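Protein chains: 2
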Amino acid sequence: MTDKLTLDEVAKRAGVSRTTASRVLNDGPNVRPEVRERVLRVIAETGYRPHPVAQSLASQQSHVIGLVLPRRTEALFNDPYFPRLTQGIAQACNDHDYTLALFMMQCEADEQKFYPRISRKGLLDGIVIQVGQIGDDLIARLLESDVPTVVAGRPLNQPNANYIDVDNIAGAHTAVTHLLHLGHKRIGAITGEMRTTAALDRYAGYCKALQEHDLPVDETLVCEGYFTEIGGYEAMRRLLPHKPDAIFSASDAMSLGALRAIHEAGLTVPHDIAVVSFDDLPPATIARPQLTTIHQPVHAFGVKAVEMLLDVIKNGPTPPRRVIMETELVIRESCGSTQSKT
Amino acid sequence: MTDKLTLDEVAKRAGVSRTTASRVLNDGPNVRPEVRERVLRVIAETGYRPHPVAQSLASQQSHVIGLVLPRRTEALFNDPYFPRLTQGIAQACNDHDYTLALFMMQCEADEQKFYPRISRKGLLDGIVIQVGQIGDDLIARLLESDVPTVVAGRPLNQPNANYIDVDNIAGAHTAVTHLLHLGHKRIGAITGEMRTTAALDRYAGYCKALQEHDLPVDETLVCEGYFTEIGGYEAMRRLLPHKPDAIFSASDAMSLGALRAIHEAGLTVPHDIAVVSFDDLPPATIARPQLTTIHQPVHAFGVKAVEMLLDVIKNGPTPPRRVIMETELVIRESCGSTQSKT
DNA sequence: CACAGTTTTGGAAGCGCTTCCAATCACTAC
DNA sequence: GTAGTGATTGGAAGCGCTTCCAAAACTGTG
């Protein structure tokens, strides 16, 4: 017991070679049942546990994957989205016996510092990286390295990237179509930062729905927010003078702000202005009125991202994987309808 | 270039031994400047980066620390507190060139699975663990293992634990004293789960302030919530019939719910009921009226936790470290006073 | 009972690095 | 010119595991 407890020691006590002990440890074949039994007993008795780092070095895989959140995303950690996503990813890691390493870049310096560490094969078996703003080249650089990578969210101009995303266009389209079916004509949009593909895609879905109903996209009814409560509030204040009769807001957090601005203006939702949102995270049910919103399966999204990554790790990067997850309209109170019209 | 790029290879190209190359890599002493220069050039030219796992194995330290969030805490990931804390911890890790591994337990099974992995020296150089509910024995077990550990939050009955906490008692005391100075007599409390030391301590501060003003603690004015918006809402609904003229709510998220319940009852804040909160996270400024609240330095808390841990790693566990961080009353609108009375 | 074929086993070579220690070297002081 | 000093260097032994490969021990067959 006083000796360092290594596999050698276990093997010695069980009267076998280290090789055999290793086989038992890894459920390898070609070990006589009674021998396996004996080794197992020694392991149990001594409480031996293998040294994970030694295993990593010898087997050339660490069983660790990294979650990389580019800078600026971190500001969004206020949004319940990232915590939820992280939870899904963590869960999947547990379930598959992987350890999760978290890389939150807070500034450019972090990025410089991280890149060597994560792109070097060894520490990480693979990476899930959240898309950041358009123009970030971290993803591109990562894809050049030989570390298996899955992008969460649609990256721009990365034909070979493995990525997973929700169907933002379809989701926004459904949301706005719902408003149109309810008879709204002057539908405004609070878009979220246009430097993200999520905002762009949701905006595209908004435009598509309007066009299908032969309505023009009125630029004065479109306002960019910052995916936060304040962002939604400020955007809504700028939109109010243009008298929209409905609003499509690209995130629940922004919707909260929008509601606040609307109430401050003495108007009520959904009577004066209907609101349809995107996310279906806790703010949606906390808001008064509760938000009709596009549900996106954030937790499942995280789980799936990890599973994709493990697939890439196991079976190589070709062909590139694409997964688009469906969203769903959840009818609550902020549109005045309690029945889906689609 | 086609060869695997190891330190051996670098050494060979620079015409030195691997030992010397290693010295250069680690800024070791006793290398002639010109030799160092030469090795450095080869490293730059080849883009060599050391294999972190090999370094860990040889040096017996991984430069990885773990953040452990016990189960049930994960439910609180909706609260902005944990994301913020995580951010602080991540930041500090970056700054000190440590990698952060995240262990979020979602169920008991996770706990069983994690324990062997994290308590085994090797993967982790140390652990920051968030206190969970009273009765969780994970912390106790972890403290028995020889992995350096710092507890975030006050653990119960762990005399030797290194821990860091905010001064919850003093904070709550300040909050309630503020209400008392404003002339309130029937001050209610929404406490948060009493199975956490944070809730217990804040409640203790509440009681202490009342007692100092010779007021009894009226049990009908105290209600346990769940540290969420809904929790605060429900607690407030139960409190309203007892006609409090002020409320001390143990978290901003709960305060949001309390405000909602108060407004639904047709009362206004601060006119009919004053509210003082705890946390000073984003909900505090989003709320209408904005919350007068006890600011706790969450980010700095995370940073400090990591720094304590690094200290323990470096200098050993004795003597046990204790850090209590100060809180601060932030006066906003929900108490009717725009001036501090303390 | 010998032989080919299959399991089971252990020796030994790594994985890529750190670090102890002894050897070498360049000086200074005598 | 030589012993003594400290700075520099490299050989070699690990760190604790996996895995290749050859040897040993079985199995069944003719």
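Chains as they are written, first to last, in the numbering used here: chain A, 1 to 342; chain B, 343 to 684.
Note that beta-carbon positions come from the ideal geometry of N, C-alpha and C, so glycine has one too.
Just so you know, these numbers come straight off a predicted model, no measurement behind them.
query, result
"Per the DSSP calculation, A:Phe114 is bridged to which residue(s)?", "BP columns for A:Phe114 are empty, so no partner."
"Quick check on B:Gly599: does DSSP put it in helix, strand or coil?", "helix"
"Counting C-beta neighbours from all protein chains within 10 Å, is the total for A:Gly47 16 or more, i.e. buried, or is it exposed?", "exposed"
"Three-state secondary structure (DSSP) at B:Leu671?", "strand"
"Below 8 Å between beta carbons: does that hold for B:Arg483 and B:Asp452?", "no"
"In this structure, does DSSP put A:Ala357 in helix, strand or coil?", "Residue 357 of chain A falls outside the range modelled here, since chain A spans only 1 to 342, and no answer is possible."
"May I ask which residues mark the beginning and end of the alpha helix (DSSP H) holding B:Gly468?", "Segment Gly468 to Gln472 is the beta strand (DSSP E) holding B:Gly468; no alpha helix (DSSP H) there."
"What residues of chain B sit near A:Asp110, judged by a beta carbon separation below 8 Å?", "Asn436"
"Per DSSP, what are the beta-bridge partners of A:His295 in this structure?", "A:Asp279 and A:Glu328"
"Below 8 Å on C-beta distance, what does B:Asn502 contact in chain A?", "Simply none; closest approach about 22 Å."
"Can you tell me whether DSSP reads A:Arg322 as helix, strand or coil?", "strand"
"Assess, as a yes-or-no matter, whether the region 663-679 of chain B is touched by the region 610-629 of chain B under the definition of 3 or more beta carbon pairs within less than 8 Å.", "yes"
"What residues in the region 133-163 of chain A have a beta carbon less than 7 Å from any beta carbon of chain B?", "none"
"Can you look up A:Leu215 in the DSSP assignment and give me helix, strand or coil?", "coil"
"So, under 8 Å CB-CB, A:Thr293 and A:Met254 are touching, yes? Tell me the CB distance rounded to an integer number of Å.", "About 11 Å; that fails the 8 Å criterion."
"So, helix, strand or coil for A:Cys223, using DSSP?", "strand"
"Applying a beta-carbon distance threshold of less than 7 Å, which residues of chain B neighbour A:Val53?", "Val395, Ser398, Leu399, Ser404, Gly464 and Leu465"
"Throw me the rounded Cβ distance for the A:Gly132 and A:Ile169 pair, which I believe falls under 8 Å.", "With 8 Å as the limit, A:Gly132 and A:Ile169 do not qualify as a contact, their Cβ atoms being about 20 Å apart."
"Would you report the Cα separation of A:Leu239 and A:Ser251, rounded to the nearest angstrom?", "16 Å"
"Using the C-alpha atoms, what's the distance from B:Gln472 back to B:Val410?", "6 Å"
"At a threshold of 7 Å, does A:Val64 count as lining the ligand FMN (C-beta to nearest heavy atom)?", "Ligands in the displayed structure: none, and consequently the ligand FMN is not present."
"Which word fits B:Pro458, buried or exposed, when buried means at least 16 other C-beta atoms lie within 10 angstroms of its C-beta?", "exposed"
"Contact criterion: CB-CB distance below 8 Å. Does B:Asn368 meet it with respect to chain A?", "no"
"Near A:Lys121, what residues of its chain come up, given a Cβ to Cβ distance below 7 Å and the 5 sequence neighbours on each side ignored?", "Asp146 and Val147"
"Following the continuous alpha helix (DSSP H) through B:Met578, name the residue where it begins and the one where it ends.", "Glu571 to Leu581"
"Apart from the five residues just before and just after B:Ala531, which ones in its own chain have a Cβ nearer than 6 Å to its Cβ?", "Tyr548, Val564 and Phe590"
"How far does the alpha helix (DSSP H) with A:Tyr81 in it reach, from first residue to last?", "Tyr81 to Asp95"
"From B:Asp350 to B:Ile481, what distance separates their C-alpha atoms?", "43 Å"
"In this structure, does DSSP put B:Met446 in helix, strand or coil?", "strand"
"Given a limit of 8 Å on CB to CB distance, which residues of the region 279-296 of chain A reach chain B?", "Pro282, Ile286 and Arg288"
"Count the other C-beta atoms from every protein chain shown that fall within 10 angstroms of the C-beta of B:Tyr496, then say buried if there are 16 or more, exposed otherwise.", "Just to set this straight, residue 496 of chain B is Arg in the shown sequence, not Tyr. Classification for B:Arg496: buried."
"Within a Cβ cutoff of 8 Å, which residues of the same chain sit near A:Gly192, ignoring the five residues on either side of it in sequence?", "Ala198, Ala199, Arg202, Glu224, Gly225, Tyr226, Phe227, Gly231, Ala250, Ser251 and Met254"
"What three-state label does DSSP hand B:Gly513 in the structure shown?", "helix"
"Taking B:Ala363 as part of the beta strand (DSSP E), name the residues at either end of that continuous run.", "It is not in any beta strand (DSSP E) - B:Ala363 instead sits in the alpha helix (DSSP H) that spans Arg360 to Leu367."
"Would you mind sorting B:Asp622 into buried or exposed? The rule is 16 or more other CB atoms within 10 Å of its CB.", "buried"
"Tell me whether A:Val10 is buried or exposed, calling it buried when 16 or more other Cβ atoms sit within 10 Å of its Cβ.", "buried"
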